[in-house]
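Take a look at the structure below.
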Amino acid sequence: MSTCFPRPAFFSRSRLAACALLLGGACSMALGFGGDHERARAALQAGEVLPLPQLLERVAREQPGQVLAVELEREDGRWVYELKLLDPAGRLVKLEVDARSAELLRRKGGR
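Per mature numbering (1 follows the signal peptide of the UniProt record, and there is no 0), the sequence shown runs over residues -30 to -1, 1 to 81.
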């Protein structure tokens, strides 16, 4: 006999995918930052960088796609998120985004 139980709402595919992306992005961010996650955390707490979910939401408005990797780096005196994603057509897009304002600084690929 098999009993069918309703799947809890928190197990939806979109939520699991979002969690996987955020966790993967956080790991990539730490690795791409050279392991100095304390500086990145301090920058976040000081308001020098946007939280990753907030930044990804803003970026998705202009450049939809599946996030593959995220790195946080210090370049020319400012924090920059480097993103790699697949656009809806399956093309690789690389973005450099100001970590404080979410301003797109550079785009390679796509379109």
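Think of the CB as a built atom: it goes at the ideal place given N, C-alpha and C, for glycine as much as any other residue.
In terms of residue numbering, what span does the beta strand (DSSP E) encompassing residue i cover?
i: GLU45; result: 36 to 45
i: LEU62; result: 62 to 68
Going by DSSP, what residue range makes up the alpha helix (DSSP H) through residue i?
i: GLU73; result: Element bounds for GLU73: n/a, residue is neither H nor E.
i: ARG48; result: Not the alpha helix (DSSP H): ARG48 falls in the beta strand (DSSP E), residues 48 to 56.
i: VAL19; result: Note, VAL19: premise wrong, no alpha helix (DSSP H); not H, not E.
Shortest alpha-carbon distance to residue i belongs to which of the options?
i: ARG70; options: LEU55, ALA16, ARG9, GLN36; result: ALA16
i: ALA59; options: ASP46, GLN36, GLY47; result: GLN36
i: PRO21; options: ARG61, VAL50, LYS64; result: VAL50
i: LEU56; options: GLY80, LEU25, GLU73; result: GLY80
i: ARG61; options: ARG77, GLU73, LEU14; result: ARG77
i: VAL40; options: PRO34, GLU18, LYS64, ARG48; result: LYS64
i: GLU8; options: LEU42, LEU25, LEU26, GLY47; result: LEU42
Do you know how far the Cα of residue j is from the Cα of residue i?
i: LEU38; j: LEU53; result: 8 Å
i: ALA30; j: ASP6; result: 27 Å
i: ARG28; j: VAL67; result: 10 Å
i: ALA72; j: PRO23; result: 11 Å
i: ALA(-1); j: ALA10; result: Annotation note: pLDDT 46 at ALA(-1) (below 50); position unreliable, coordinate value reported separately. Cα to Cα, the separation comes out at about 8 Å.
i: GLU45; j: GLU32; result: 23 Å
i: ALA13; j: VAL19; result: 6 Å
i: ARG48; j: LEU74; result: 13 Å
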